[in-house]
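Below you'll find the structure, written out as structure tokens, and then a few comments.
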Amino acid sequence: MTLRAKRISSVVAGLAMLAVTLTACGSSSAASGDKTITVGTSGATGVYLPLYVGVQTGLFKKYGLNVKLQTLTPTAVTAAVLSNNINIGWDGPGLVSGIISNPSAKVIFTAGPTVFYIYGKKGLSSINDLRGKSVAVTTPGGAIDGAVRAAITKAGMKPGTDVKIAYLQTNSAALAAVQTGSVAAAGVSPPTSIQAQDKGMVNLGDITPLAPPSVLAVNDSFAKKNGPTVTKFITAFKAAVQQASTDAKASDQALRAYVKLTAQSEIDGTFQAYKTVWTVGPYPTDQMNIMLEQFKTATPPVKGADSAKMSDLIDNQYVNAAT
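The sequence shown maps to residues -30 to -1, 1 to 293 in mature numbering (1 follows the signal peptide of the UniProt record, and there is no 0).
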């Protein structure tokens, strides 16, 4: 082969190698073309298991979604979704209250109720025994606050008067307060409720039926620019609920990874408590009306609750389009 021929051959080989490299890069880019969506949760607990399973097993990736999770406090979830620091927030009534005050997000679906119990110190036997005592919950106006208040009212007592409410931000702090004796009982959800049982506390009642459905809301700006992505997320979330409800192994691994559970009793108990309550659907308007009434009579009342309209709070177009 002449020197000129060798040079031509070398150039051709180099171009071929470049073409292969570019093709590989193009393939990598296409593979990483998933739509990113950031979801914030109010703490790390069992109710969020479908999200954890969906991310850990790669299920969301199968739907072309790169779901990023942020574990926040209830107050931070509301602030983050209203400012679009997260795209979707998952919490309870506090999120709706925030939307009323700053209408830059809308409720797009519910995932069903959060499982709640009231656990008390030894010697108590029912919610009626809480008269003159204190109950710890997380935050004012949250789902567990509403459920505990409803349970106290149902027992013929007045929350805040007959039974004091202590706000301690987290389930674990509420449980610790019962242990130290600073409160008589706590409203908690799995796995904290299972920890309470293991510590010998008394289950005073399953108050799940008194809890409002969970709230998932999307930032308006994000939704306007990424409507199909929001719909795709709900479709994928339905699949994640199905997997979290039926795949005990995947749920076990997700609870260990995200909720940092190690005790098998807590893992199994959390899975069993939630696997039948998750559901995906439009937020019930009757439940929203109940929430608004509670906002009106809260101390202090939520400003704007008396004039809030369903169309200002709920947007069902995405859940209705999800398959």
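Just so it is clear, CB atoms sit at the ideal spot from N, CA and C, and this is done for glycine as well.
By the neighbour-count definition (other C-beta atoms within 10 Å, threshold 16), residue 290 is an exposed residue.
If you keep only unbroken alpha helix (DSSP H) runs of at least 4 residues inside the segment 8 to 44, you get 19 to 26, 29 to 32.
Note that the segment 76 to 94 touches the segment 277 to 290; at least 3 beta-carbon pairs, one per stretch, sit closer than 8 Å.
Going by beta carbons, residue 16 and residue 182 fall outside the 8 Å limit. Residue 77: not part of any alpha helix (DSSP H); member of the beta strand (DSSP E) spanning 75 to 79, first to last residue. Residue 194 sits in a helix when the DSSP states are folded into three classes. Per DSSP, the unbroken beta strand (DSSP E) holding residue 104 starts and ends at 104 to 107. Secondary structure at residue 133: strand, using DSSP grouped into helix, strand and coil.
Taking residue 214 as the centre and dropping the five residues before and after it, the same chain places the C-beta of 19, 20, 23, 221 closer than 6 Å to its C-beta, in chain order. Sorting 89, 108, 257, 97 by C-alpha distance to the C-alpha of residue 151 places 89 at the top. Nearest C-alpha to residue 7 among 31, 35, 67: 35. The C-beta distance from residue 37 to residue 185 rounds to 18 Å, too long to meet the 8 Å contact threshold. Taking all protein chains in view, the Cβ of residue 108 is crowded by 16 or more other Cβ atoms within 10 Å, so the residue is classified as buried. Contact check for residue 103 against residue 170 fails: the beta carbons are separated by 8 Å or more. Beta-bridge analysis with DSSP links residue 88 to 157, 175. Inter-segment contact for the segment 49 to 56 and the segment 216 to 235 is absent: fewer than three beta-carbon pairs are separated by less than 8 Å. In this model, residue 105 and residue 205 are separated by some 38 Å (Cα to Cα). One alpha carbon belongs to residue 165, the other to residue 143, and they sit about 12 Å apart.
For residue 131, the number of other beta carbons within 10 angstroms of its own is below 16, and it is reported as exposed. Using a 10 angstroms sphere on the CB of residue 115, the tally of other CB atoms reaches 16 or more, which defines it as buried. With a contact defined as Cβ atoms closer than 8 Å, residue 180 and residue 117 qualify at about 5 Å.
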